[in-house]
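Trainee: In the UniProt record's numbering, the protein residues as written are 1 to 1211. Each residue gets a CB set at the ideal place from its N, CA and C atoms; glycine is no exception.
#1: Since residue 871 and residue 924 are thought to touch, with beta carbons under 8 Å apart, how far apart are those beta carbons, to the nearest angstrom?
#2: Please list, in chain order, all residues of the same chain as residue 790 whose beta carbon is under 6 Å from its beta carbon, the five residues on each side excluded.
#3: Does residue 244 come out as helix, strand or coil in the three-state DSSP assignment?
#4: Just confirm the distance between the C-beta atoms of residue 1091 and residue 1128, as a whole number of angstroms; I'd bet it's less than 8 Å.
#5: Please work out which residues of its chain come closer than 7 Å, Cβ to Cβ, to residue 1194, disregarding the five sequence neighbours upstream and downstream, and give them in chain order.
#6: Could you check if residue 829 is buried or exposed, using at least 16 other CB atoms within 10 Å of its CB as the buried criterion?
#7: Using 10 angstroms around the beta-carbon of residue 621, count the other beta-carbons present and answer buried if the total reaches 16, otherwise exposed.
#8: For residue 1151, which option in 993, 636, 752, 1120 has the closest C-alpha, if you only look at C-alpha atoms?
#9: Using a threshold of 9 Å, state whether the C-beta atoms of residue 939 and residue 888 are closer than that.
#10: Under three-state DSSP, which class holds residue 318?
#11: Checking 9 Å against the spacing of the C-beta atoms, do residue 488 and residue 462 come in under that value?
#12: Are the CB atoms of residue 450 and residue 375 within a distance shorter than 9 Å?
#13: Mind checking residue 346: buried by the 16 CB within 10 Å criterion, or exposed?
#14: Work out the CA separation of residue 400 and residue 340 for me, nearest whole Å.
#15: Residue 1047 and residue 961 - do their beta-carbons sit closer together than 9 Å?
#16: Note down the Cα distance separating residue 614 from residue 942, rounded to an integer number of angstroms.
#17: Ignore the nearest five residues each way along the sequence and tell me which others in residue 1125's own chain have a CB closer than 6 Å to its CB.
#18: Do residue 808 and residue 783 have their beta-carbon atoms positioned less than 9 Å apart in this structure?
#19: When burial is assigned at 16 or more other CB atoms within 10 Å of the CB, is residue 1081 buried or exposed?
#20: Between the stretch 693-701 and the stretch 749-764, can you find at least three pairs of beta-carbon atoms closer than 8 Å?
#21: If you run the structure through DSSP and keep just helix, strand and coil, what is residue 709?
#22: Which value, in whole angstroms, describes the spacing of the CA atoms of residue 628 and residue 772?
#23: Quick one, are the C-beta atoms of residue 363 and residue 380 less than 9 Å apart?
#24: Alpha carbon to alpha carbon, how far is residue 716 from residue 1015?
#25: Mapping the DSSP letters down to three states, classify residue 215 as helix, strand or coil.
#26: Thinking C-beta only, is residue 1133 closer than 9 Å to residue 1155?
#27: Apply the 10 Å Cβ neighbour rule to residue 469 and answer buried if 16 or more other Cβ atoms are within range, or exposed otherwise.
#28: Whole angstroms is fine: what's the gap from residue 994's alpha carbon to residue 963's?
#29: What is the rounded straight-line gap between the Cα of residue 525 and the Cα of residue 632?
#30: Using the Cα positions of residue 155 and residue 267, report the straight-line distance between them to the nearest angstrom.
#31: Under three-state DSSP, which class holds residue 824?
#32: Tell me whether the beta-carbon of residue 936 lies closer than 9 Å to the beta-carbon of residue 879.
#33: List the endpoints of the continuous beta strand (DSSP E) containing residue 488.
#34: Report all residues from its chain with a CB closer than 8 Å to the CB of residue 608; omit the five preceding and five following residues, and keep chain order.
#35: Taking the alpha-carbon positions, what's the residue 333 to residue 344 distance?
#36: When we look at the beta-carbon of residue 1202 and count the other beta-carbons within 10 Å, is it buried (16 or more) or exposed?
In C-alpha cells form, the structure reads like this:
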C-alpha cells in the first residue's frame, strides 16, 4: 500500500499545481474521480512552468515505454521458468487498462494537458498531470526560449527514483495479472482487431500484453485494445475512446454523415493549428494571472468556444485575386483540364444547358437560325453571359472538389493498408498514421460537401437564367417562378419541366402558351368609377357603373328602332334567314339552331362529343381559366362605321346569335372587342376579337380538307355542284356557363354570344368535326361529297345522279338544322365551276385562279410596287394572297419567298399588321413583277402526270444520281464542303438535273432522295430556316421553272438508295464490271470451273485466286498482261479495249481461257475468237444479264451482247 499512498500524494501535489493554470474548471475525468482541487503553489512564470512540465511529460513517456519493455522481458522469463511461484488470482475481473488514444502531442490547449494512466487493473493507480510541448514530443525543433543544455539533458534525470520505481512495479504487476485473466479465446479475438479498418483512431498507448504467436505462448507483444465502432466496447463513451486527450472539450453534434466523425473536429483542428503554427493564442508574459478565475463555477456563465479554421494570407490572396475581375469567366489551364478531367457521364451534368427552342422564340424576332443569345437585349445578353460564366466557374469548382475527394478517399485506403503492415509495437507510427487518416476523412467529407454547395450554386444560376429567359413570357409571376424553380437536369435549360406546358400552334410548332392575367389590349379590370364590385347592389341601366360619366352623344341613338332596317348587308344575300319553310320550324333563328335538332343528330351519330355539343352547347377547353376582364368596344368618330357596328349587333340580336348579359352579371366575365370586316362576297361580318382568350384555349390538331385534297378526289368528267351554308358557325350553340367568356360591351350595352362566334381559335375544328358526321352519313348513301368548313362539293357521274345527290344532300342538311344559302350555292351540275376561289375544270383536269382573286391580287401588287413605300399590314395581306395561290398557280411558291424573308423579322416582333411604312429592296420588287405576268393564267394540272424518276444522293466525298439507264456522279469542291450535308443533298439534285437536262426537258420530274430537308426545300421551293438552303433552292427553282413542267420530291430510305449512295462515295470504273454470281455459276457448269480470275479485284472476284491491276491483299499477281499465267483453266472478263491483247497473251502462254466478250462481228478480234474456240460459244440471256460494280447496276447490260467463249492458245 505504500506505493499507492505515495502515488496518491504525488497526484494531489500535481493537481494543486495544475489548478493555477488558465482553466480553473477541472477536466471531465477529474470531475468523475475528485470532488475538488486545491491550489497551494503559483508558478513564477507560465512560460517556465510550460517548459518544466514539457520536459517532465517527455521523461514520463520515455520511462513508461522503458518500464513496459523491461516488465515484458521479466515476465516472459518468469512464465517460462518452472520454479516461478503461482500468481494470486483476483476476486473480480480487473478493468482493462485505459491510456490515451493518441501520443502526448494530442493536447486540447497549449496551457494545459491531462494525461491519465489508470492502472487499477494492475493494483496500482497513479495520475500524472503535465503540460508538454507537442512539437518537442514529436521530434520537432525546440520552441524559442528553450536552451540547448535543457534539451540535451536525458529525460530520466527529471524523474525521481521513487517515481520510476512505482511505475516499473505497477506495470510489471499489471502485466502478470492481465496474462492470468485473459483466456486463449479472448486473446484470439483481440488479435483480430489490431487495426481499425473503419478509419477510426487507434489508441496505440492503450496496450495489452498477450502471446505474440498463438503457437508460442512464451512470446508476447502489444496490440491495440481499441475496437472499431462495430467492436466489443459496449457502453464505452465515444468521446473517451476516440480521442485520448480531449476530455475537456464539449461534444459536437453531427452535422453531416460521412467518413469523418464530427466529435473529433475540435481535437483535429487543435492539432492542425499546432502543426502549422496558425491560429494559436499564447498566454501573455506580462500578466501571468490573466485568464485565471477564483469564482465558483456554478455562479459563472459558461464561455462558448467556436472552432475557427485559420485563414492564412494565401487563402485571402486567392479570393482577392479572383475578385479583382468579377466579370471575367473561368480560364482553366491545360494542367487543370488534365488534373480535373471527370468521367463523361459526370462532366455532362456540369455543362452549361442550352436554351430550349420554345423559350428562345419568346424573345426572338426572326426565324433565321442563330444563337438564342442574339435575340436578347444588350443588357439581358450581358446578364446571360455573366450567369453562364458563373455556371462554368462553379462547375470547375465542383470538378476540382470531386477530384480532391476521390484522391482523399484513395489515400485513406492506402494509409489503412500501410497501417496494417506496420507492427503494433511501433506506437508512434500507428498514432501518426491515425491522425493523418482522420485528417483525410475530414478532407474527403469537406470536399464532397463543397461539391454539394457548389451544385446548389449551379441550381441558383440556372434558376436566374430561367427567370431571365421567361421575362418575355406573358404569364403571371407565380407561373414563371413555378417553372423557373422546377427540377433541373439534362442538356436543356428547362428540359422535361417545359413539356407539360407546351401546346401546338397553328403552324404545328411547339410553343409556350400565354398565361398572362393581364391582357395587352387594356386593363384587366375597370378602374375608378368603372370598377365593378362583386356583391354590390345593382343599379338601373341609366345609372350603370360601367357607363362613362358623360355618355358620348354619338352613341345616344345607338339602338335601332323596331322595324327600321339596318341598311347594311349583314344578312346573307338570298339566304334562308330565320324562316326556312323546308325545315318545318318557321321562325327558328340561326343562333344555336342545332340544339333544336339534337334528337336527329343522336340518331345519326354515336359520337359522345357531338351529341353533348349539339344538345347542351359547346364547352370551351381552357389551358387555364381566364380571369374576369372588362373592355369597352371602341366607338368610331365616323358615322358610317358607327352605323355599321350598330347594324352588326342588331343583326346578331335578330338571329339570336347574341343575348343581353343578365343584369346581375354585367361587368363580370371575360369581355372582348367586337369589330366588323368586309367579306370576299361583298357583305360584312362581325368578328369578336378573342386574341387574348385564344392564348388560353387548348389547341388540338385535326385534319381539315384543303383545295389540294379536294382536287385529288375529282375524276375526269365529273359533274360538280356546290352548296354554301348560311353563317355556319352561328348554328353551333355555346354551353350557357361558358357564355360569360364571350362577352362584349358597346355603347353601354352588354352582350354575350350564345352561338359559336367568328374569332375563336377552336371554331374551325369544332365545325369540321360536326360536319364530318354529316359527310360520313352522306357517303354511306352513297354520295361522293367533299367539304371545306361550310362549302360542300357534290361529285356525280351523270346529270340524273347529280340532281338526286344534290336533293338528298339538301334534305340531310335541313334535317340536321343547317340553313342553306341558295344564292351562293351552285345547284346546276357542270364540269367547270367556281369553288373555294378557284375554277375547277374536271374535263381538262386543271384548276385556275378565279377572276375575282386574280384582280384583287394584281391590284394589291400594283399598289405595293407603285409607291415609295408600303405598310407592313398591306405587305402581310399581299403575302397571304400569294400563299393562297400556291395550290393553283405553278411556281407561285418560288416567287413569294423574297417577300416572306423580308417580312420575317417584323412578324417575329409582332409587327406583321403594323401600319409602319417600309421600303422594299430591289430583289423583292423584282420578284413581285412576276405576279403581273401571264404565268398566273396557265393554271395547274391536278391529275397525276407521268413522272420521270431521278434518284440522287450525296456524301462528304461527292454526289451521285441515276435516271433510267443513265447515271452521273461528281466530286465536291472545297467551297462546297463548307456547307452542311443538307445543302450538299440539295446541290446534288440541282447538279443531277443539269447533267440530265436533255432527258428531263419539258417533263414532270420526280426526285427521290433520302434527305428530308432536301425533299422539303424542293417541294416548297425554299424555306425559312436556313438562308443558304433558301438560296440554293432558289437557284434550283429558277432553273426548273425554265426547263421543267413540274418538279416534286419524294423521300426514300437510305437502304433503298444504294446505287446513288455508291455513286456518291466511289468512282465508276468501266473495266470493273462483274457478272452476277448466279449467271457465272451457269457458265462454270457449261464450260468448267476456272482456277484464276485474271481481271478482278478483291471485291468482285469470281474465284478465290485472282489477278488485279493494282497491289492489294490476297492478290496472286498484278497486271495479268505482264505476268506469267498459272496452269489450268483461266477466267477473263477484260475491258473491251483489251480483248485483242488478252488473245495475244493467251497464245503466248499457250493457255486455256474462259473469256467473256461481246458478240460483235465487226471487231477485228472476232475472227480470232471463232478460230481459237474449242467449245460452242454461249450468248448470255439478255433478260438475266446483270452486271454489278459494288452496289451499282450497269444501266444497259443487254446492249453489250456478251458471250462466253472457251479458247485454247495451244491450237
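Mentor: Per the coordinate set shown:
#1: Going by Cβ atoms, the distance from residue 871 to residue 924 rounds to 15 Å, so no, they are not a contact pair.
#2: Contacts found: 725, 728.
#3: Since pLDDT at residue 244 reaches only 38, below the 50 mark, its modelled position is unreliable, and the value read off the structure follows with that caveat. In this structure, residue 244 counts as coil in the three-state DSSP scheme.
#4: Between residue 1091 and residue 1128 the beta-carbon gap is near 4 Å, inside 8 Å, which marks them as a contact.
#5: Excluding sequence neighbours, residue 1194 sits near 1073, 1187.
#6: Burial state of residue 829 is buried, judged by a 10 Å Cβ sphere holding 16 or more other Cβ atoms.
#7: Residue 621 comes out exposed.
#8: Per the Cα distances, 1120.
#9: In this structure, residue 888 lies closer than 9 Å to residue 939 by Cβ.
#10: In the three-state scheme derived from DSSP, where H, G and I count as helix and E and B as strand, residue 318 is classed as helix.
#11: Cβ atoms of residue 488 and residue 462: closer than 9 Å.
#12: With contacts defined as CB atoms closer than 9 Å, residue 375 and residue 450 fail to qualify as a contacting pair.
#13: Under the 10 Å beta carbon count, residue 346 is surrounded by fewer than 16 other beta carbons and is classified as exposed.
#14: One alpha carbon belongs to residue 340, the other to residue 400, and they sit about 6 Å apart.
#15: Not closer than 9 Å, so no.
#16: Rounded to whole angstroms, the gap between the alpha carbons of residue 614 and residue 942 is 37 Å.
#17: Taken in chain order, the residues that qualify are 1149, 1151.
#18: Annotated as proximal: residue 783 and residue 808, with beta-carbon spacing under 9 Å.
#19: Residue 1081 is classed as exposed because its beta carbon has fewer than 16 other beta carbons within 10 Å across all chains shown.
#20: Cβ pair count under 8 Å is three or more, so yes.
#21: Correct three-state label for residue 709: helix.
#22: Whole-angstrom Cα-Cα distance: 35 Å.
#23: Going by beta carbons, residue 363 and residue 380 fall inside the 9 Å limit.
#24: The alpha-carbon atoms of residue 716 and residue 1015 are separated by roughly 29 Å.
#25: Interpretation of residue 215 is limited by its pLDDT of 40, a score under 50 that renders its predicted location unreliable; the figure taken from the coordinates is listed afterwards. If DSSP states are grouped into helix, strand and coil, residue 215 belongs with coil.
#26: Yes, Cβ-Cβ distance for residue 1155 and residue 1133 is below 9 Å.
#27: Under this definition residue 469 is a buried residue.
#28: Residue 963 has its alpha-carbon roughly 12 Å from the corresponding atom of residue 994.
#29: With a pLDDT of only 37 at residue 525, under the threshold of 50, the placement of this residue in the model should not be trusted; the figure read from the coordinates follows. Looking at the backbone, the Cα of residue 525 and that of residue 632 are separated by about 11 Å.
#30: Residue placement at residue 155 cannot be trusted, given a pLDDT of 46 that sits under 50; the coordinates are not used to answer.
#31: In the structure shown, residue 824 sits in coil (DSSP, three-state: anything other than H, G, I, E or B).
#32: Not a contact, by the Cβ cut-off of 9 Å.
#33: Membership of residue 488 in any beta strand (DSSP E) is not indicated, and neither H nor E is assigned to it by DSSP.
#34: The beta carbon of residue 608 lies closer than 8 Å to none in the same chain, with the five residues before and after it left out.
#35: If you draw a straight line from the Cα of residue 333 to the Cα of residue 344, it is about 19 Å long.
#36: With a 10 Å radius around the Cβ and a threshold of 16 neighbouring Cβ atoms, residue 1202 comes out buried.
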